[in-house]
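59 is the number of the first residue of the sequence shown in the numbering used here; add one for each residue after it. For each residue, glycine too, the CB sits at the ideal point set by N, CA and C.
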Amino acid sequence: MARDEHKYLNRELSWLEFNHRVLEEAQDRRVPLLERLKFLAITDSNLNEFFMVRLGGLRLLCAEGITRRDPSGRTPPEQVEAISKRIHAMVQDQYRVFTREIEPRLAAEGICRFTPDTINDEQRTYLSRLFDQEISAVLSPMAVSLTQRFPVLANLGLHLLVRLAPATRGAKPRFAVLPMGTALDRFVVLPSRAGHHYILLEDVARLFIARLFPGENVVECRAFRITRNADMSVEEDGADLLAGMKEILSARKTSECVRLEIQQGASHTTLDFIMNALAVERAEMHHMPGPLNLASFMKLSGISGFDHLRYEEWEPQPSPAIDARKSMFDILAQHDLLLIHPYQSYDPVLRLIDEAADDPDVLAIKQVLYRTSSDSPIIRALRRAAQRGKYVTVLVELKARFDEARNIAWAEHLEQDGVQVVYGVKGLKTHAKACVIVRREPRGIVRYLHFGTGNYNEKTARLYTDISYMTCNEALGADASAFFNALTGTSAPQRFLKLELAPLGLRERLIELIDSEAERKRQGQDALIMAKMNSLVDTDIIDALYRASAVGVPILLNVRGTCCLRPGVPDLSENIRVVSIIDRFLEHSRVFYFEHGGEKKVLISSADWMPRNLDRRAELLIPVDDHPCRDALIEMLEVTFRDTAKARLQLPDGGYRRFRARGHKSLRSQKELYRMAREQMTQVRQERKTVFEPHRPSGTES
59 MARDEHKYLN RELSWLEFNH RVLEEAQDRR VPLLERLKFL AITDSNLNEF
109 FMVRLGGLRL LCAEGITRRD PSGRTPPEQV EAISKRIHAM VQDQYRVFTR
159 EIEPRLAAEG ICRFTPDTIN DEQRTYLSRL FDQEISAVLS PMAVSLTQRF
209 PVLANLGLHL LVRLAPATRG AKPRFAVLPM GTALDRFVVL PSRAGHHYIL
259 LEDVARLFIA RLFPGENVVE CRAFRITRNA DMSVEEDGAD LLAGMKEILS
309 ARKTSECVRL EIQQGASHTT LDFIMNALAV ERAEMHHMPG PLNLASFMKL
359 SGISGFDHLR YEEWEPQPSP AIDARKSMFD ILAQHDLLLI HPYQSYDPVL
409 RLIDEAADDP DVLAIKQVLY RTSSDSPIIR ALRRAAQRGK YVTVLVELKA
459 RFDEARNIAW AEHLEQDGVQ VVYGVKGLKT HAKACVIVRR EPRGIVRYLH
509 FGTGNYNEKT ARLYTDISYM TCNEALGADA SAFFNALTGT SAPQRFLKLE
559 LAPLGLRERL IELIDSEAER KRQGQDALIM AKMNSLVDTD IIDALYRASA
609 VGVPILLNVR GTCCLRPGVP DLSENIRVVS IIDRFLEHSR VFYFEHGGEK
659 KVLISSADWM PRNLDRRAEL LIPVDDHPCR DALIEMLEVT FRDTAKARLQ
709 LPDGGYRRFR ARGHKSLRSQ KELYRMAREQ MTQVRQERKT VFEPHRPSGT
759 ES
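Below, the structure written as structure tokens:
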């Protein structure tokens with residue numbers, strides 16, 4: 059490496075490269091049209107969170123005068139400058155694909171957005187009546203000025219900034235803000251004989267804005283929205299974490315503005331006013347060449363009647379290892395169960411917890427809930443179990459960012475039903491995915507376990523790739539009980555038999571496995587590392603991978619998002635290959651494979667290889683020793699590394715390029731894994747059909 063090159067890529071710029079790969083799916087004409095719109099909405103939603111969390115935190119460092127360099131060698135101001143340039147270019151790319159490709163193609167298919175300039179007389183009459191009868195009754199303009207306290211504007215909320223003519227000649231212009239709110243649908247459907255015609259709510263309001271200001275001359279009307287800093291944490295020295303989290307949610311409503319988006323074409327007068335009112339710099343101003351809040355177009359991507367513009371349906375398959383005639387306890391008593399979601403159904407996980415709630419032999423259920431759905435069947439089962447007298451303990455992580463309010467509500471409901479609720483662990487986020495069911499059986503007390511790489515959310519289990527591992531292994535059961543005792547009690551965690559726990563030993567175990575692979579390579583043994591995760595940022599682990607690469611260990615990394623490792627650099631990482639897969643499902647599972655001289659060690663985890671996961675979260679690393687389950691995970695990893703359709707290869711400079719399939723058919727790993735799941739289930743169904751089971755007499759003849 060050149061002396062001035064750093065060993066690590068910048069985390070923020072690497073994340074922006076990830077979001078650009080998502081944007082590439084919106085740009086790809088081979089992707090169905092409404093799916094392209096969905097990917098575009100995702101890129102905007104991702105940017106919203108990036109501004110609220112990552113950029114908000116960096117701006118605070120800049121304001122405090124912090125000049126400490128990150129592992130890539132950049133100071134906070136240098137990072138902000140590089141990020142700003144990259145984001146502005148990305149936003150231009152977003153609107154270019156939206157206005158030049160996606161919208162015209164949608165219109166050709168009958169999904170047409172109208173504007174005040176393109177509606178006809180009939181549509182104008184319809185909208186006029188709608189505005190007078192419904193919309194104007196909901197909207198309330200607020201007069202604003204620089205001499206009075208500016209009203210609190212909702213984070214990411216859509217607003218109209220209205221400039222009125224001066225009251226007298228020579229007076230200053232007057233302004234009003236019109237919040238669009240959330241009570242009205244942004245996508246106002248227009249009457250049409252065919253297709254789906256609509257106009258945006260802010261355009262309807264702009265069309266009839268004068269009616270909200272009778273007797274005034276409206277000079278200008280522009281849509282805008284602000285993004286507030288959400289990078290704030292609760293003070294955990296206090297006794298009441300629940301109250302502290304409620305204070306954080308309240309504080310986010312008034313935190314400083316880190317981005318101001320405004321409809322392109324606003325006058326200097328209007329721009330100067332809103333910048334002064336919100337105390338934002340020009341660098342934080344973004345002039346949008348199209349509709350604001352592209353993330354909201356996710357709703358439009360789901361309209362009915364246009365299935366030909368979407369991916370074909372891939373219904374999650376039942377696991378071939380599940381016999382519907384047996385209880386989950388009977389199945390797990392016979393063998394471990396591994397599920398690869400969303401190709402295989404999440405129903406066995408729901409069924410296990412549901413059966414546990416009703417089974418009279420179940421004594422206790424212990425579970426960690428980080429994120430779950432709005433109408434969670436798992437929450438219902440846990441509440442029912444407590445109502446039936448079972449000992450139910452649930453750790454509800456109140457610090458799960460942007461799910462705090464939902465988790466606070468769930469925690470309070472669970473407590474009302476008699477569930478013992480723990481609000482996380484002081485100083486840590488509990489991100490582990492684990493459930494322990496304690497059951498009394500003739501052989502004694504048996505612990506049935508579920509470990510996952512994803513949240514207990516049946517909805518995202520159809521959208522994210524994740525792993526569920528279910529077992530009644532005694533050693534894992536003892537470890538899982540010790541894990542919950544450490545979380546819910548005040549005792550120090552004991553040494554586990556099989557599990558590893560962050561922040562105590564998970565990083566050390568991973569580095570030990572990587573270094574062991576390097577040592578086996580030195581000794582002439584078989585060595586190989588394959589790992590799949592969301593993000594790779596931790597420099598200690600990156601250094602260990604560099605050491606293994608230096609002695610010739612082949613290392614294959616599937617990192618969906620941020621990757622601060624530089625692959626393919628001579629004398630540093632020439633044996634490391636990094637790919638990122640962006641496809642219809644969000645790649646979310648964390649799976650790690652070590653050849654280990656032929657012993658083949660496979661582990662799953664809730665943790666990415668990031669300092670936040672390894673130092674500031676309670677995470678689990680779970681070995682999968684059962685051979686059929688282990689082999690299924692190895693096969694899954696191998697398929698992902700053969701992807702030439704949706705995988706991108708990371709370059710040493712942090713950029714990515716698509717594969718060029720030469721001489722053979724390209725492979726799309728998600729499609730292949732779904733095909734495999736269907737084929738396995740089809741084969742099992744056929745085998746079950748060919749089994750002859752005669753009716754036997756109830757007694758035997760003498």
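| Query | Result |
| --- | --- |
| If you check the beta carbons only, do SER663 and LEU679 fall under 7 Å apart? | yes |
| Could you check what DSSP says for HIS816 in three-state terms: helix, strand or coil? | The requested residue 816 does not occur in the structure, where the chain is confined to residues 59 to 760. |
| Return the first residue and the last residue of the alpha helix (DSSP H) that PRO681 is part of. | From DSSP, PRO681 is part of no alpha helix (DSSP H) but of the beta strand (DSSP E) over 675-681. |
| For PRO224 and PRO231, which I take to be in contact (beta-carbon distance under 8 Å), what is that distance rounded to the nearest angstrom? | 6 Å |
| Leaving out the 5 sequence neighbours to the left and right, which residues in its chain are closer than 7 Å to LEU352 when beta-carbon positions are compared? | LEU98, ALA99, ASP102, GLN152, PHE156 |
| Taking the alpha-carbon of ASP330 as reference, which of ALA490, LEU204, ILE692 has the nearest alpha-carbon? | LEU204 |
| Would you mind working out which of ARG251, GLY273, MET333 sits nearest PHE282, comparing C-alpha positions? | MET333 |
| Could you name the residues of the same chain whose beta carbon sits closer than 6 Å to that of ALA324, not counting the 5 residues immediately before and after it, in chain order? | ARG280 |
| What residues are listed by DSSP as bridge partners for TYR522? | LEU644 |
| Report the three-state DSSP secondary structure of SER198 (helix, strand or coil). | coil |
| Less than 8 Å between the CB atoms is what I'm expecting for MET148 and LEU74, so what's the real figure, rounded? | 7 Å |
| Who are the Cβ neighbours of PRO249 in its own chain at under 7 Å, not counting the five residues just before and after it? | TYR184 |
| Between which two residues does the alpha helix (DSSP H) holding LYS357 run? | 355-358 |
| Do you know how far the Cα of ASN671 is from the Cα of VAL80? | 24 Å |
| Helix, strand or coil, according to DSSP, for GLY510 in the structure here? | strand |
| Just verifying my parser: in three-state terms, what is the DSSP assignment at LEU440? | helix |
| If you reduce the DSSP assignment to three classes, tell me which class GLU700 lands in. | In the sequence under discussion, the amino acid at residue 700 is Arg, which differs from the Glu named in the question. Three-state DSSP puts ARG700 in coil, outside helix and strand. |
| Going by alpha carbons, who is nearest to ARG187 out of PRO162, GLU339, PHE266? | PHE266 |
| Alpha carbons only, please: which of LEU211, SER194, ALA195, VAL196 is nearest the one belonging to VAL202? | LEU211 |
| Give me the DSSP bridge partner(s) of ALA705. | ILE639 |
| State the beta-bridge partners of VAL210 as determined by DSSP. | VAL210 pairs with nothing; no bridge assigned. |
| Cα separation between ARG567 and PRO347? | 50 Å |
| Would the segment 685-694 count as touching the segment 613-627 if we require 3 or more Cβ pairs under 8 Å? | no |
| Please report the distance separating the alpha-carbon of SER354 from that of GLY215. | 11 Å |
| Let me check understanding here. Comparing Cα to Cα, which of SER593, ASN515, ARG94 lies closest to SER434? | ASN515 |
| Whole angstroms are fine: how far does the CA of LEU71 sit from the CA of ARG144? | 8 Å |
| Below 8 Å CB to CB, which residues in the same chain sit around GLU575 once its five sequence neighbours on both sides are set aside? | ALA585, LEU586, ILE587, ALA606, VAL611, PHE652, GLU653, HIS654 |
| Which residues bound the alpha helix (DSSP H) around PHE233? | PHE233 -> not in any alpha helix (DSSP H); beta strand (DSSP E) instead, spanning 232-237. |
| Since GLU167 contacts LEU472 with CB under 8 Å, what's their CB separation in whole angstroms? | That belief does not hold up - the Cβ atoms of GLU167 and LEU472 are roughly 46 Å apart, past 8 Å. |
| By DSSP's criteria, ILE169 is part of a beta bridge. Which residues make up the other side? | HIS254 |
| Where does GLY619 land, buried or exposed, given buried means 16+ other C-beta within 10 angstroms? | buried |
| Once the 5 residues before and after VAL276 are set aside, which same chain residues still bring their CB inside 7 Å of it? | VAL220, LEU222, ILE267, ALA268 |
| Output yes or no for whether 7 Å exceeds the beta carbon distance between GLU93 and TYR522. | no |
| Would you call the segment 491-499 in contact with the segment 461-470, where contact means no fewer than 3 C-beta pairs closer than 8 Å? | no |
| Apart from the five residues just before and just after ARG340, which ones in its own chain have a Cβ nearer than 8 Å to its Cβ? | MET333 |
| Are VAL426 and ARG117 touching if we call contact CB-CB under 7 Å? | no |
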